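*Asks:*
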Amino acid sequence: MEEIKIQYCFQLPDKRQEVFDIVLDKKSMEAIDAHPSPSPEWSRLEFHQCPNCPWLEDERPWCPVAVKLASIVNKFENILSYDEIDLEVHTRERVVFQNTSAQRGIASYMGLVMATSGCPHTLFLKPMARFHLPLASEEETIYRAFSMHALAHYFLQPGNLDCKQQFDSLKDHYSALQTVNVAIAKRLKAACSTDSSVNALINLDMYAKAMPYVIEESLEELRYLFTPEQGE
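Residue numbers (numbering that gives the first Met the number 0): 0 to 231.
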């Protein structure tokens, strides 16, 4: 089985270094847990279960997103969202280093974890996880999301070039993701004594909320990239 490895290294204000190794199955793009830890009670499926969750507790007793996020909650228990950290992300292709806020660094990690967790409402994000861009800006995220979805539409519905249909389905995906984010935030609030993990998720949710708005505005934020200069 081929694997993709991504490592997040957090240098925290208290001089601790927390390292998270994410190993993904290259074919399924789901996270592989070599040594899974016991899951906390707040990660049970029924605890603040997402209203749009298709699963039943007797079939799947644990929320896949909550289970994957449990480790980061424990490690950042005493870190505040505005604390400055040094973040280093290692992939096979490159190393990214940046001094940033705890909530922004954690949000970047959370986005990758949620996309590869196995949650049915984050499956559409798997192609973006394959080409993960740490600490992506809002504009970068919007561009990557639309590009990824257009390519997915090309492969899954060959010959169907209906752009409106493509973007309407992307809007539906992000609307469902907002529902997941709200429920996961409730879980994190119950599990955390500080705000870094909760605010990191709120930071991610801002992108989910922005997507339907961008679609409604006919992608005007990106139009300039494809508009020829006058005189050409």
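Ideal placement from N, C-alpha and C gives every residue a C-beta, glycine not left out.
Nothing here was measured: the structure is a model prediction, and the numbers come from that model.
Excluding sequence positions up to five away, which residues of its chain have a Cβ less than 7 Å from the Cβ of Pro211?
*Replies:* Correct list, in chain order: Lys170, Tyr173 and Ser174.
*Asks:* Would the beta-carbon of Ala101 fall within 8 Å of that of Leu79?
*Replies:* Taking 8 Å as the Cβ cut-off, Ala101 and Leu79 qualify as a contacting pair.
*Asks:* Where Ala30 and Asp24 are concerned, what is the direct C-alpha to C-alpha distance, given to the nearest angstrom?
*Replies:* Going by the C-alpha atoms only, they are around 6 Å apart.
*Asks:* Measuring only the C-alpha atoms, how far is Ala144 from Arg15?
*Replies:* Each residue's Cα considered, the two are about 34 Å apart.
*Asks:* CA-CA distance, Leu44 and Asn51?
*Replies:* Straight-line Cα distance between these residues: approximately 12 Å.
*Asks:* Where does Gln48 fall in DSSP's three states?
*Replies:* DSSP places Gln48 in coil when its eight states are reduced to three.
*Asks:* Who are Trp41's beta bridge partners in DSSP?
*Replies:* Answer is none; Trp41 lacks a bridge partner.
*Asks:* Is it the case that the Cβ atoms of Lys67 and Val112 are separated by a distance below 8 Å?
*Replies:* Yes, the Cβ-Cβ distance between Lys67 and Val112 is below 8 Å.
*Asks:* Which one or two residues does DSSP pair with Val94 in a beta bridge?
*Replies:* The partner list for Val94 (beta bridge, DSSP) reads His89.
*Asks:* Taking 8 Å as the threshold (C-beta atoms), are Ala207 and Gln176 in contact?
*Replies:* The sequence as given places Leu at residue 176; Gln does not occur at that position. Closer than 8 Å, so yes.
*Asks:* Could you give the distance in angstroms between the alpha-carbon of Gly230 and the alpha-carbon of Tyr153?
*Replies:* Bear in mind that the predicted position of Gly230 carries a pLDDT of just 44, short of 50, making it too unreliable to give a figure here.
*Asks:* Can you round the beta-carbon distance between Trp61 and Ser42 to whole angstroms, since I take them to be within the 8 Å contact cut?
*Replies:* About 6 Å separates the two Cβ atoms, so the contact holds.
*Asks:* Compare the C-beta of Phe130 with all C-beta atoms of chain B and state if any pair is closer than 8 Å.
*Replies:* Structure shown: chain B not included; a single protein chain is present.
*Asks:* Keeping to the same chain, check which residues put their C-beta closer than 7 Å to that of Cys49; ignore five residues upstream and five downstream.
*Replies:* Excluding sequence neighbours, Cys49 sits near Thr178, Val179 and Ala182.
*Asks:* Whose C-beta lies closer than 7 Å to the C-beta of Gln10 among residues of the same chain, with five residues either side of it excluded?
*Replies:* Excluding positions up to five away in sequence, the list reads Gln16, Ile84 and Asp85.
*Asks:* For the structure I just gave you, are there three or more beta carbon pairs, one from the region 195 to 205 and one from the region 68 to 76, closer than 8 Å?
*Replies:* The region 195 to 205 is in contact with the region 68 to 76.
*Asks:* Measure the Cβ-Cβ separation of Met232 and Leu203 and say whether it is below 8 Å.
*Replies:* The question about residue 232 has no answer, for the chain in this structure spans 0 to 231.
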